[in-house]
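Numbering (full-length UniProt numbering), first residue to last: 1 to 985.
Even glycine gets a Cβ: it sits at the ideal position worked out from N, Cα and C.
First the structure, in the form of structure tokens, and then the observations on it.
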């Protein structure tokens, strides 16, 4: 028994090609086209098509050679249907039937024509034929409850018979009209509206064949719409049999695939009919080659960026990629691959450039907070301003931003969902809706639901924050906290549910999201680390995003938050740190040693006043840096091309030789390094053999119009000039999900209309109440951070200090005053032409500078210290048993190493006093950073122990304290004269 039965006509066609040549006596007919197209996916498919008394024996023999039975070809007394088909150069055709009109009806199949062995087929395709014949067949199959029935209408029978056709549509499972047939039936030209109209009549699936525009597929069971383009193997023309071939292959493939994938099979089969102007290619081409066009794809271009070797691009000129089963099978010369794989669908070509799909490694939501009413507050206040944001359906919200990402070349996103109300059930349903949305659009996603167990609104305990509020505000905020509170154990157990949601979906992965240090107790941190190790799951954690998070971390851990994570088992190669704006040099080196990755979110850091991340130092340390757009980019959208451009220019540090990321490094951030942060790993981010075929095809002439000097590198031109309008196509797993601005799986306009309609109504009472609550608690949120001591460079002047309540400090022995003795070691570090400096020192007992000649008098003054002064001071300190701080210039230590070692041996501490005895004021950041590092390294090597503090001669820069924190290892900075007591900076 055949699994698929194709019912229709069988014809003999005299074909006139566009060049005027003729092909008389070609075999054709909708039943034949359909069954030949179906066989690569359903080898048992058979046809039922009455034939005339004069059917040539050669035609019968050809059918038999194709492996088809003749049981379903009952002979009639009429002559076989005979057509003349004339194709013109514009892709159109003129069709003439030589027979009498009545012959068409007589040679259409009836239920009695179906052999007994064919009855009970799993699927039946009722092709275009006489309406009366369809009216007999559809009810017949309707009685066969196990048969899935599809109807392809005949456009010539629609006028005046709309009600009769509507009755048939109600009785079938799948409806397969063309655009012309839709318009004749409904007068509609909005195909999305038309598909839903037909689905309401009864069919679970509606497929509208649109010629060169591909097909629109509507799956009513999922309320999902898809746009599947035609295969690029040949130019689309109005070919007899193309639509029939589509229908046959579609009905064959739908047994094992969802309708949008079955449509790919239909498009593949139809492309052979189009290319051959008839059935010959389907008869002559091996079935595997036909089905391969569904999975075999050639992506070609003038240049293909395979990936990177370090930061060096791997480029192929005039090349192509063979994609098989969604993966890169081969990469080589375009002409050779085209000859070797003529059956493959084709994309790109001359005038195009192909790059790996871009990866947005840090993303949260769809509509932006600004769109929904929240201004760009600093992050800590932003949370309160977002309490009143309107609730959007998670599917629509996800699709909104997914459209923007794909349109800018993003093929994979790291979606870090922050929260959802409704307990565990709410987290599961929201996650399912989000993953379903990415499945709809065809995008690859690494998904996580944030884990957090404390401090839901500010960086302090929820109970403590509630006590800050007036009594009247507490119940509403507590209710809000309760709505989003899920026990830690339940959050961890959610991992199994998420893994089950993504199971079997090749384009979806799950990872863990320990949200941030201030949102997680130590118990939670350790639990996530254990789960990550046990399941070998990747993690993505926000950390040190803002100066307030730096201050919180210092207060909580007493040192480095990176070390705190390491102590709790999180600092491994499985961890990606989001932001890391305020990481010290020591933190960066620790992350590099641990194998962590970092995700840089340039736009977000700017918009929320978080700071400028030390990207160049990340790269120099060998930390893999990915790119994320976070909540929204600098233009309030998700344009990864813009984000790359912003990143490249934002981190060009001042100074001719100061560090700056190259275009190649930035492109690598958005591809290979982005892949590194997801569970997909090396499967994405490059187009190497074996990797997933996630690619972006760029129209290079459009990108460079009207002119671009070719001497600049591909990466430079791409990052400086590319806009979404230059993207020709985006492919995920070899499937085109965007082509020339049009999404293939669903209609962007329809989704946008749904969002607009959902938000057209005024905010409901709950939204208004939350907005009012956000405004009311904002001053109290601000108060939480009023006393935070921020790193210099992240704050305005603090003229308040301890105020009226300085800390109570008990000095040893009940002393009232603590005296710190400091000995400056500057000798050998003063400016001197004798030492190759640009000038002589000008300050000793009096201010006087010798210009243009050496100054032995000055050097003699400075020479007294190490020759005699040190020993006198050292003996005096020893006599009284008093330790001191030796504030030492790096160059002075290098000139008098014995002095420093003796001071350490006597129990004194060493502090940095700059490299030379010079002011830092006016020094650029890169130079000062290098001076601090050089001084620290030199003193550590000479003293055998690291220096504990820092003091700049006279005038520091606005960057000095931040650079000291960045470097790490310093306990104090002595360049402070604004208090009686030490304080934390």
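In the structure shown, residue 197 falls within a helical segment according to DSSP collapsed to helix, strand and coil.
Residue 258 has its alpha-carbon roughly 21 Å from the corresponding atom of residue 730.
Its Cα nearest to that of residue 93, the residue 15 stands out among 58, 15, 109. According to DSSP, residue pairing for residue 209 in a beta bridge involves 178, 215. Taking one beta carbon from each stretch, the stretch 681 to 693 and the stretch 701 to 710 have fewer than 3 pairs nearer than 8 Å; the two do not touch. By the beta-carbon neighbour count (other beta carbons within 10 angstroms, threshold 16), residue 137 is buried. Residue 106 is positioned such that its CB atom lies closer than 8 Å to that of residue 78.
Within the DSSP bridge table, the entry for residue 348 names 300 as partners. Remark: C-beta atoms of residue 173 and residue 149 approach each other more closely than 8 Å. As DSSP reads the structure, residue 226 sits in a beta bridge with 217. Listed in chain order, the non-local C-beta contacts of residue 114 below 6 Å within the same chain comprise 48, local neighbours out to five positions each way being set aside.
Taken through DSSP and simplified to helix, strand or coil, residue 459 comes out as coil. The beta strand (DSSP E) runs lying completely inside the stretch 782 to 832 and spanning 3 residues or more are 822 to 825, given in chain order.
Straight-line spacing of the CA atoms in residue 455 and residue 619 works out to 33 Å.
For residue 468, the secondary structure class from DSSP, reduced to helix, strand or coil, is helix. Between residue 923 and residue 955, the alpha-carbon positions lie close to 10 Å from each other. Annotation: the continuous beta strand (DSSP E) that includes residue 87 extends over 81 to 87. The beta carbon of residue 304 lies closer than 6 Å to those of 316, 319, 354 in the same chain, with the five residues before and after it left out. By the Cβ-count criterion, residue 672 is buried, with 16 or more other Cβ atoms from all chains shown falling within 10 Å of its own Cβ. In its chain, beyond the 5 residues on either side, no residue has a beta carbon closer than 8 Å to the beta carbon of residue 656. With contacts defined as CB atoms closer than 8 Å, residue 400 and residue 459 fail to qualify as a contacting pair. Residue 548 sits in a helix when the DSSP states are folded into three classes. One alpha carbon belongs to residue 527, the other to residue 144, and they sit about 56 Å apart. Residue nearest to residue 627 within the set 925, 616, 640 is 640 (criterion: CA-CA distance). Assignment of residue 708 by DSSP, reduced to helix, strand and coil, places it in the coil class.
Secondary structure of residue 94 (DSSP, three-state): strand. In chain order, 397, 398, 400, 401 place their CB closer than 6 Å to the CB of residue 366, counting only its own chain and leaving out the 5 sequence neighbours on each side.
Membership of residue 261 in the alpha helix (DSSP H) is indicated by the continuous run 259 to 276. The beta carbon of residue 652 is closer than 7 Å to those of 660 in its chain, skipping five residues each way along the sequence.
Judged by their CB atoms, residue 147 and residue 128 are not nearer to each other than the 8 Å cut-off. Counting only runs of at least 3 residues, the stretch 600 to 661 fully encloses the following beta strand (DSSP E) elements, listed from N- to C-terminal order: 625 to 627. Of all C-beta pairs linking the stretch 247 to 254 to the stretch 35 to 50, three or more are shorter than 8 Å, placing the two stretches in contact.
Burial check for residue 872: the Cβ neighbour count within 10 Å stays below 16, so the residue is exposed. Taking residue 244 as reference, the option from 490, 542, 10 with the minimal CA-CA separation is 10. Residue 808 and residue 381 have their alpha carbons spaced roughly 32 Å apart.
Between residue 412 and residue 359 the beta-carbon gap is near 5 Å, inside 8 Å, which marks them as a contact.
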